[in-house]
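Since the structure comes first, as structure tokens, the remarks are kept for the end.
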Amino acid sequence: MLDSTRKGDHQAVSLLPLSRRRFLAKTSYFGAFYAAAKLIPLPALAAQMTAGSRVSQTPIVDKGFASVRKVGEGLYATISDPSKGFQTLCNGGFLVGKDGALMIEGFGSATGATFQMDALRMVSQVPIKAALDTHYHFDHSMGNGFYAGNGIPLWAHANTPKRIVESYGAMQGADKAVALAPLEKAIKDSKTELARKHREENLGMVTNIFNIVNGTVLALPNHPIDPAKLPMKMDLGGLTAVIESYPGHSGTDIIVRVPEQSVVYTGDLLFSGLYPVCFDPQATVSGWRQTLKTFASWDKDSVFVPGHGPVCGQEGIALFRALFDDIEEQAQKMHKAGVPATEAADLYVVPEKHKNVGIFVWDFSIAPAISKLYAEWGAK
Ligand SMILES: [Zn+2]
13 MLDSTRKGDH QAVSLLPLSR RRFLAKTSYF GAFYAAAKLI PLPALAAQMT
63 AGSRVSQTPI VDKGFASVRK VGEGLYATIS DPSKGFQTLC NGGFLVGKDG
113 ALMIEGFGSA TGATFQMDAL RMVSQVPIKA ALDTHYHFDH SMGNGFYAGN
163 GIPLWAHANT PKRIVESYGA MQGADKAVAL APLEKAIKDS KTELARKHRE
213 ENLGMVTNIF NIVNGTVLAL PNHPIDPAKL PMKMDLGGLT AVIESYPGHS
263 GTDIIVRVPE QSVVYTGDLL FSGLYPVCFD PQATVSGWRQ TLKTFASWDK
313 DSVFVPGHGP VCGQEGIALF RALFDDIEEQ AQKMHKAGVP ATEAADLYVV
363 PEKHKNVGIF VWDFSIAPAI SKLYAEWGAK
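Residue numbers (the numbering used here): 13 to 392.
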């Protein structure tokens with residue numbers, strides 16, 4: 013919702029002077045901070061997961077803020093638990109063949125990337141062919157400096173370096189009070205208690221992001237992936253990774269999959285047990301839903317390593333699609349009833365059947381999903 017160039021955004025934001033609007037459009041992003049309590053314990057997860065038996069119950073390493081477990085032959089998932097620390101923030105993983113390894117994600121800090129590299133070195137000494145950011149968001153890229161410092165080539169969507177500079181470079185050196193003033197104003201202008209709560213949550217999260225970004229030396233991927241040239245295969249020696257790009261979450265989304273083992277590293281195109289995060293100016297609800305339809309068409313025993321939340325099977329894709337369905341259904345009713353976009357964005361009600369599904373921050377998740385749907389339908 014912080015992208016004020018679209019229709020259907022909150023009035024408080026869209027009335028801001030252009031410089032601030034542009035700044036905000038470039039500086040919004042959530043962390044996984046509020047999701048941790050919703051993590052499902054692995055045994056419970058394995059029981060409900062079609063592919064659960066393929067995921068190792070015992071991690072090879074567990075540091076609290078993240079653990080690493082085997083999800084296939086030479087395939088590992090790094091799963092974050094932000095309630096225990098912000099070092100990794102997002103999930104990732106690594107693929108280890110006979111000739112080389114591929115690491116996934118730059119994580120929320122260099123400490124997070126170091127943790128994953130150490131885990132990789134516990135199982136193999138093969139050369140590291142590359143690391144890869146699944147997209148530009150801070151919780152997937154603030155640890156890039158680790159790769160820079162270790163001479164590891166860093167791959168990402170061709171637009172990722174630009175988006176990092178525009179979003180986070182712009183935040184560095186900016187006056188914090190000036191940067192956050194529009195969000196403070198949005199709180200003051202709230203017409204309902206609910207709206208106020210959502211705007212306050214938003215300010216809290218943007219403040220977190222501002223602090224993290226200003227405490228980080230930015231490092232940019234040096235190996236651009238041209239989406240027009242995908243899919244691309246990476247031979248690691250007896251293990252072939254396929255790199256693909258799909259629309260939905262950020263405009264820079266790249267996935268890595270191993271079709272021979274039906275394992276998919278989705279980045280933030282999948283949040284497992286969590287509502288989708290749609291705030292990005294280049295997020296597209298209809299495009300994302302199309303992508304999920306594709307994921308659903310893959311092997312019924314697929315293992316998905318999501319950007320956030322626990323490892324899942326096709327049931328995780330089905331739930332995520334159902335969440336989009338429900339948001340759309342409620343938004344459609346409000347749209348038909350003539351509820352303005354700015355009001356509708358606060359009025360979604362989590363149904364009983366989804367009461368255990370986490371929402372990171374309303375204004376990064378539900379509100380922009382509704383705003384984008386309204387924009388697709390023609391805002392009122
Ligand atoms: Zn993201």
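No residue lacks a Cβ here, since even glycine has one placed at the ideal position from N, Cα and C.
6 Å CB neighbourhood of residue i in its chain, flanking five on each side removed
i           : result
residue 53  : Its pLDDT being 47, under 50, residue 53 is placed unreliably in this model, and the coordinates cannot settle the point.
residue 138 : 112, 113
residue 173 : 232, 233
residue 378 : 360
residue 382 : 343, 356, 357
residue 202 : 208, 211
residue 301 : 336
residue 144 : 116, 167
residue 260 : 281, 299, 300, 303
Residues sharing a beta bridge with residue i, DSSP
i           : result
residue 243 : Answer by DSSP bridge pairing: none, since residue 243 is not bridged.
residue 81  : 89
residue 286 : 370
residue 255 : 244, 268
residue 73  : 80
residue 237 : 169
residue 102 : Answer by DSSP bridge pairing: none, since residue 102 is not bridged.
residue 291 : Residue 291 is not bridged to any residue.
residue 108 : 113
residue 143 : 115, 166
residue 316 : 276, 324
Nearest-angstrom beta carbon gap, residue j and residue i [assumed within contact, 8 Å]
i           : j           : result
residue 358 : residue 204 : 7 Å
residue 374 : residue 210 : 4 Å
residue 95  : residue 102 : Contact flag wrong, Cβ pair sits at about 14 Å.
residue 110 : residue 250 : 5 Å
residue 278 : residue 317 : 7 Å
residue 246 : residue 240 : Rounded, the Cβ-Cβ distance is 18 Å, inconsistent with contact.
residue 188 : residue 222 : 6 Å
Closest Cα partner of residue i within the set the options
i           : options            : result
residue 82  : 232, 134, 96, 119  : 134
residue 322 : 215, 170, 280      : 280
residue 290 : 335, 314, 312, 311 : 335
residue 238 : 232, 252, 257, 221 : 257
residue 124 : 141, 372, 100      : 100
residue 287 : 347, 370, 276      : 370
residue 352 : 386, 236, 329      : 386
residue 284 : 311, 325, 240      : 325
residue 364 : 354, 72, 338       : 338
residue 86  : 278, 236, 269, 169 : 269
residue 303 : 244, 332, 66, 182  : 332
residue 192 : 184, 171, 218, 309 : 218
residue 180 : 169, 163, 152      : 152
residue 297 : 315, 271, 310, 262 : 262
residue 226 : 244, 183, 293      : 183
residue 311 : 293, 271, 330      : 271
residue 178 : 308, 309, 293      : 293
residue 158 : 248, 126, 75, 313  : 126
Burial state of residue i (16 or more Cβ within 10 Å)
i           : result
residue 349 : exposed
residue 156 : buried
residue 344 : exposed
residue 361 : exposed
residue 282 : buried
residue 69  : exposed
residue 146 : buried
residue 206 : exposed
residue 214 : buried
residue 13  : Note on residue 13: pLDDT 35, under 50, position unreliable in the model; the coordinate value appears next. Residue 13 should be labelled buried.
residue 30  : Because the pLDDT of residue 30 is 38, which lies under 50, any placement of that residue in the model is unreliable, and the question is left without a value.
residue 55  : The predicted model places residue 55 with a pLDDT of 47, which falls under 50 and marks its position as unreliable; any figure quoted below should be read in that light. Counting Cβ neighbours within 10 Å, residue 55 comes out exposed, since fewer than 16 surround it.
residue 194 : buried
residue 104 : buried
residue 306 : exposed
residue 118 : buried
residue 340 : buried
residue 328 : buried
residue 185 : exposed
residue 319 : buried
residue 372 : buried
Proximal residues to residue i (C-beta, below 7 Å), its chain only, five neighbours per side dropped
i           : result
residue 234 : 165, 166
residue 136 : 108, 113
residue 106 : 88, 113, 114, 115, 116, 128, 132
residue 160 : 231
residue 346 : 356, 359
residue 273 : 84, 85, 87
residue 73  : 79, 80, 131, 134
residue 66  : 83, 84, 315
residue 176 : 148, 153, 230, 232
residue 389 : 347
residue 71  : 79, 80, 81
Nonlocal neighbours in the same chain, by C-beta distance under 8 Å from residue i, ignoring five residues either side
i           : result
residue 267 : 146, 255, 256, 257, 258, 276, 277, 278, 279, 281
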